[in-house]
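Protein chains in written order, with the working numbering: chain F, 12 to 395; chain S, 12 to 395.
Don't be surprised by glycine CBs; every beta carbon is placed ideally from N, CA and C.
Bear in mind the structure is a predicted one, so any value in this text is a computation, not a measurement.
The structure appears below as structure tokens.
2 protein chains.
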Amino acid sequence: MSRVSAPAQPTARVGIIGGGQLARMSHAAGTPLGIETHVLDAPGAPAEAAGARLVVGTADRLDDLARLARRVDVVTFDHEHADRAALQALAARGVAIRPGPEVKHLAQDKLHARRRLGGDLGLPVPAFTSVQDVSEVRAFAAAHGWPVVLKAISGGYDGRGVRIAADVAEAEAALAALGRPALAEAHVAIDTELSVLVARAAGTGESRAYPVVETLQQDGICHEVVLPARVPGALAARAHALALELAEAIGLEGLLAVELFVAGDELLINELALRPHNSGHVTLDGCVTSQFEQHLRAVLGWPLGATRPVAPAAAMVNVLGPADGSDPGHRVARALAVEGAHVHLYGKAPRPGRKLGHVTALGADADAALDAARTAARILEGER
Amino acid sequence: MSRVSAPAQPTARVGIIGGGQLARMSHAAGTPLGIETHVLDAPGAPAEAAGARLVVGTADRLDDLARLARRVDVVTFDHEHADRAALQALAARGVAIRPGPEVKHLAQDKLHARRRLGGDLGLPVPAFTSVQDVSEVRAFAAAHGWPVVLKAISGGYDGRGVRIAADVAEAEAALAALGRPALAEAHVAIDTELSVLVARAAGTGESRAYPVVETLQQDGICHEVVLPARVPGALAARAHALALELAEAIGLEGLLAVELFVAGDELLINELALRPHNSGHVTLDGCVTSQFEQHLRAVLGWPLGATRPVAPAAAMVNVLGPADGSDPGHRVARALAVEGAHVHLYGKAPRPGRKLGHVTALGADADAALDAARTAARILEGER
Numbered sequence: 012m013s014r015v016s017a018p019a020q021p022t023a024r025v026g027i028i029g030g031g032q033l034a035r036m037s038h039a040a041g042t043p044l045g046i047e048t049h050v051l052d053a054p055g056a057p058a059e060a061a062g063a064r065l066v067v068g069t070a071d072r073l074d075d076l077a078r079l080a081r082r083v084d085v086v087t088f089d090h091e092h093a094d095r096a097a098l099q100a101l102a103a104r105g106v107a108i109r110p111g112p113e114v115k116h117l118a119q120d121k122l123h124a125r126r127r128l129g130g131d132l133g134l135p136v137p138a139f140t141s142v143q144d145v146s147e148v149r150a151f152a153a154a155h156g157w158p159v160v161l162k163a164i165s166g167g168y169d170g171r172g173v174r175i176a177a178d179v180a181e182a183e184a185a186l187a188a189l190g191r192p193a194l195a196e197a198h199v200a201i202d203t204e205l206s207v208l209v210a211r212a213a214g215t216g217e218s219r220a221y222p223v224v225e226t227l228q229q230d231g232i233c234h235e236v237v238l239p240a241r242v243p244g245a246l247a248a249r250a251h252a253l254a255l256e257l258a259e260a261i262g263l264e265g266l267l268a269v270e271l272f273v274a275g276d277e278l279l280i281n282e283l284a285l286r287p288h289n290s291g292h293v294t295l296d297g298c299v300t301s302q303f304e305q306h307l308r309a310v311l312g313w314p315l316g317a318t319r320p321v322a323p324a325a326a327m328v329n330v331l332g333p334a335d336g337s338d339p340g341h342r343v344a345r346a347l348a349v350e351g352a353h354v355h356l357y358g359k360a361p362r363p364g365r366k367l368g369h370v371t372a373l374g375a376d377a378d379a380a381l382d383a384a385r386t387a388a389r390i391l392e393g394e395r
Numbered sequence: 012m013s014r015v016s017a018p019a020q021p022t023a024r025v026g027i028i029g030g031g032q033l034a035r036m037s038h039a040a041g042t043p044l045g046i047e048t049h050v051l052d053a054p055g056a057p058a059e060a061a062g063a064r065l066v067v068g069t070a071d072r073l074d075d076l077a078r079l080a081r082r083v084d085v086v087t088f089d090h091e092h093a094d095r096a097a098l099q100a101l102a103a104r105g106v107a108i109r110p111g112p113e114v115k116h117l118a119q120d121k122l123h124a125r126r127r128l129g130g131d132l133g134l135p136v137p138a139f140t141s142v143q144d145v146s147e148v149r150a151f152a153a154a155h156g157w158p159v160v161l162k163a164i165s166g167g168y169d170g171r172g173v174r175i176a177a178d179v180a181e182a183e184a185a186l187a188a189l190g191r192p193a194l195a196e197a198h199v200a201i202d203t204e205l206s207v208l209v210a211r212a213a214g215t216g217e218s219r220a221y222p223v224v225e226t227l228q229q230d231g232i233c234h235e236v237v238l239p240a241r242v243p244g245a246l247a248a249r250a251h252a253l254a255l256e257l258a259e260a261i262g263l264e265g266l267l268a269v270e271l272f273v274a275g276d277e278l279l280i281n282e283l284a285l286r287p288h289n290s291g292h293v294t295l296d297g298c299v300t301s302q303f304e305q306h307l308r309a310v311l312g313w314p315l316g317a318t319r320p321v322a323p324a325a326a327m328v329n330v331l332g333p334a335d336g337s338d339p340g341h342r343v344a345r346a347l348a349v350e351g352a353h354v355h356l357y358g359k360a361p362r363p364g365r366k367l368g369h370v371t372a373l374g375a376d377a378d379a380a381l382d383a384a385r386t387a388a389r390i391l392e393g394e395r
């Protein structure tokens with residue numbers, strides 16, 4: 012035990028643009044498979060604290076991206092903010108970026124995504140148009156009614172970059188805040204929001220979708236998830252098929268989360284994420300293969316894992332930084348007293364409203380799972 | 012993304028004596044709970060490669076143990092080889108060592124364990140005695156018959172330090188190899204081997220046992236595990252109760268694996284391990300809370316997790332270094348094509364016969380789970 016151990020060679024080296032909680036959980040999923048993860052981020056990033064190798068740099072500098080790429084077999088993503096031109100330049104040098112820059116662009120440019128999905132691919136999306144000024148918003152509203160949903164074309168996430176304008180005055184203010192052009196969309200009377208996670212493996216094209224989950228939003232953020240979604244089986248089957256069709260149509264290499272609106276009998280595509288997604292955290296303890304392991308397998312072109320649930324129901328609840336600035340980590344032992352609650356902290360310093368972790372729980376039904384996860388999350392947030 | 016992130020303070024710091032695969036998997040289990048792990052070992056240890064903090068040193072030097080202890084809230088174990096006197100000296104300085112040196116000694120000194128369990132505690136163990144020379148072995152055999160099992164009193168594990176002597180000549184050779192005194196035991200006609208894992212939390216004394224598993228040995232090493240054990244329910248219930256009784260009787264703080272022989276209707280205690288155990292790897296994907304998370308929760312005095320299985324059956328099969336010296340890591344993608352197989356590699360350089368990883372699988376029954384785990388393990392070992 013005193014001699015230097017000879018460690019094994021890694022089975023693969025994966026570079027992740029961004030070292031946040033998604034990269035942290037990807038690192039953890041890769042360790043048992045012998046995968047070494049390298050993340051591009053600043054010192055102290057959540058993935059680094061868990062043991063991922065750090066490459067100091069930012070996602071908008073080609074030199075930084077190239078330094079990451081030199082260390083790994085394949086480059087993938089923790090977030091949507093990598094610079095498109097830099098990714099294209101990197102791909103032109105022969106670096107394996109998965110998903111590729113053009114596919115990733117679907118999550119970076121909302122107008123482009125709407126045109127591609129609703130236009131070329133003929134998939135169901137809300138009515139939309141590009142607007143430069145309030146007269147164009149008024150014209151759109153004349154056809155589709157008020158309120159109008161206005162979105163920044165790029166840079167928005169977790170509800171940021173989205174405004175709902177009830178009239179011309181609100182549209183004016185929204186455009187000023189969001190920048191021009193903006194994306195205008197018909198406001199959908201949403202009954203339920205769903206999310207479908209689908210993986211498609213590089214090279215082989217093998218694809219697998221997870222069971223459709225129901226997402227419960229809070230302030231525009233996916234805050235709670237129930238697996239499986241409490242919707243009719245036929246509707247879930249349509250959502251499942253739609254996600255697989257989309258993955259195939261765009262030539263996905265990696266992981267895609269498709270967020271969907273249910274409005275009456277209608278299913279409309281809301282947002283896409285081209286990376287592991289908050290709505291997929293429930294797979295960590297709820298499915299045979301977690302989204303993080305599946306993501307690594309997909310970008311490496313390895314066989315995909317089983318996506319079936321391990322319990323009749325599972326739930327996920329986010330843990331946000333409490334208003335008093337206190338650290339949920341101080342309450343972890345108390346939260347673990349909730350039978351069956353799995354606590355996942357991200358190693359991030361507390362700040363009010365910041366996503367600091369999540370809790371998952373299995374259950375005999377959705378209510379039982381949701382109740383356990385909510386109870387533990389509220390203890391972590393200091394509410395109990 | 013370019014600024015330095017402020018990481019959270021860890022929820023707890025746990026020091027592990029030894030940085031092997033058990034510490035590696037403990038580190039992975041601790042990350043979502045915000046626990047920071049520090050391991051005492053040589054550079055390149057499996058836990059270090061996964062992201063645990065390394066303290067360079069050995070388990071037989073008090074100074075090294077003290078350096079580890081200064082960095083953490085509690086000290087625990089990856090193996091059985093820590094020096095007893097050094098642990099006692101450390102405990103005398105007020106360091107929280109869990110389990111404590113006297114409890115740990117039950118896994119370090121087989122004669123002491125037999126006397127404590129079979130004598131003071133009146134628990135079922137094979138007939139045994141201490142032997143200095145072959146005349147004492149002969150006297151023991153006169154009472155209990157040949158063959159006699161001879162064991163090194165300390166230092167043995169994974170079948171090392173155990174000889175079965177059919178006669179006086181073999182006993183003579185065994186004693187020469189094992190050292191004197193040795194432990195002599197009656198040879199048990201084993202029908203089945205079982206293992207029960209029990210956790211007991213420091214401070215609170217909360218204890219929970221996992222479902223009883225069946226262990227299938229190969230060359231004296233636990234090589235395959237089936238959960239739950241294929242034995243009558245009443246027998247499994249006795250084994251379960253015995254492990255909980257033992258944990259309570261010794262004042263366990265942490266994790267205890269009790270290996271048991273089934274001989275007819277009789278249940279006999281074979282070995283104890285005071286740490287996570289190979290027979291508990293099946294809990295990684297097979298139970299709500301893995302043995303690694305449970306171990307951390309127990310030594311920290313946190314509430315224990317649910318131990319129930321997540322499927323009707325689960326199995327675990329070791330991955331050993333192939334005779335040709337090749338690295339199972341090169342075959343990981345092929346092994347993942349086995350539906351439902353969870354591959355866990357330890358990051359250790361290949362050497363023939365060396366434990367390099369394991370595979371777990373869930374199933375509708377033991378045969379299905381075992382078949383999937385075996386198929387993947389054999390692919391990793393290059394046999395298919």
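Contact annotation, residue 364(F) with residue 332(F): C-beta distance approximately 6 Å; criterion of less than 8 Å satisfied. Inter-segment contact for the segment 187-198 of chain S and the segment 233-240 of chain S is absent: fewer than three beta-carbon pairs are separated by less than 8 Å.
Legend: CB atoms of the segment 280-307 of chain S lying less than 7 Å from CB atoms of chain F belong to residues 299. A direct Cα-Cα distance of roughly 13 Å separates residue 92(F) from residue 164(F).
Neighbourhood of residue 323(F) in chain S, by CB distance below 9 Å: empty, with the nearest CB roughly 11 Å away. Of the residues assessed, residue 59(F) falls on the buried side of the cut-off, its CB having 16 or more other CB atoms within 10 angstroms.
For residue 121(S), there is no enclosing beta strand (DSSP E); the residue is found in the alpha helix (DSSP H) stretching over 121-125. Of the candidates 37(F), 212(F), 119(F), 134(F), 212(F) places its Cα closest to the Cα of residue 314(F). The residue from 288(S), 115(S), 190(S) with its alpha-carbon nearest to that of residue 206(S) is 288(S).
DSSP places residue 63(S) outside both helix and strand once states are collapsed to three, so it counts as coil. The C-alpha of residue 329(F) is placed about 9 Å away from the C-alpha of residue 384(F). Around the CB of residue 229(S), fewer than 16 other CB atoms lie within 10 Å, so the residue is classed as exposed. Fewer than three pairs of CB atoms, one per stretch, sit closer than 8 Å, so the segment 39-57 of chain F makes no contact with the segment 98-110 of chain F. Inter-segment contact for the segment 353-362 of chain S and the segment 29-49 of chain F is present: three or more beta-carbon pairs are separated by less than 8 Å.
Below the 7 Å Cβ cutoff, chain F contributes no neighbours of residue 157(S), its closest Cβ being approximately 37 Å away.
By the rule that beta-carbons nearer than 8 Å mark a contact, residue 133(S) does not touch chain F. When DSSP states are grouped into helix, strand and coil, residue 190(S) belongs to the coil group. Non-local C-beta neighbours of residue 347(F) in its own chain, meaning closer than 8 Å and more than five positions away in sequence, comprise 354, 387, ordered along the chain. Checking the DSSP bridge columns, you'll see residue 85(S) partnered with 25(S).
The Cβ atoms of residue 297(F) and residue 254(F) lie no closer than 8 Å to each other. Annotation for residue 283(F): the continuous beta strand (DSSP E) segment containing it runs 277-284.
Going by DSSP, residue 271(F) is part of the beta strand (DSSP E) stretching over 265-274.
Under DSSP, residue 139(S) forms a beta bridge with 196(S).
Pairwise C-beta distances place the segment 217-226 of chain S in contact with the segment 255-262 of chain S, as three or more of them are shorter than 8 Å.
Inclusion of residue 125(F) and residue 97(F) in the CB contact set at 8 Å is not warranted, their separation being larger than that value. The alpha-carbon of residue 202(S) is positioned some 29 Å away from that of residue 303(S). Each of 184(S), 31(S), 99(S), 160(S) was checked against the Cα of residue 173(S), and the nearest Cα belongs to 160(S). Closer than 7 Å at the C-beta level to chain F, one finds no residue of the segment 77-91 of chain S. Of all residues in the segment 40-60 of chain F, only 42, 43, 44, 45, 46, 47, 51, 52, 53, 54, 55, 56, 57, 59, 60 come within less than 9 Å of chain S when Cβ atoms are compared, listed by chain position.
Using a C-beta cut-off of 8 Å, the segment 129-141 of chain S makes contact with the segment 277-294 of chain S, since at least three inter-stretch Cβ pairs fall below that distance. The secondary-structure analysis by DSSP pairs residue 52(F) across a beta bridge with 67(F).
In terms of beta-carbon proximity, residue 22(S) lines the interface with chain F, with at least one pair separated by less than 8 Å. Using a Cβ-Cβ distance cut-off of 8 Å, the segment 60-70 of chain F and the segment 18-38 of chain F are in contact, since at least three pairs of beta carbons, one from each stretch, lie closer than that value. Residue 121(S) has a beta carbon lying at 8 Å or more from every beta carbon in chain F.
Residue 326(S): not part of any alpha helix (DSSP H); member of the beta strand (DSSP E) spanning 324-331, first to last residue. The beta-carbon separation of residue 117(S) and residue 260(S), rounded to 11 Å, does not stay under the 8 Å limit for a contact.
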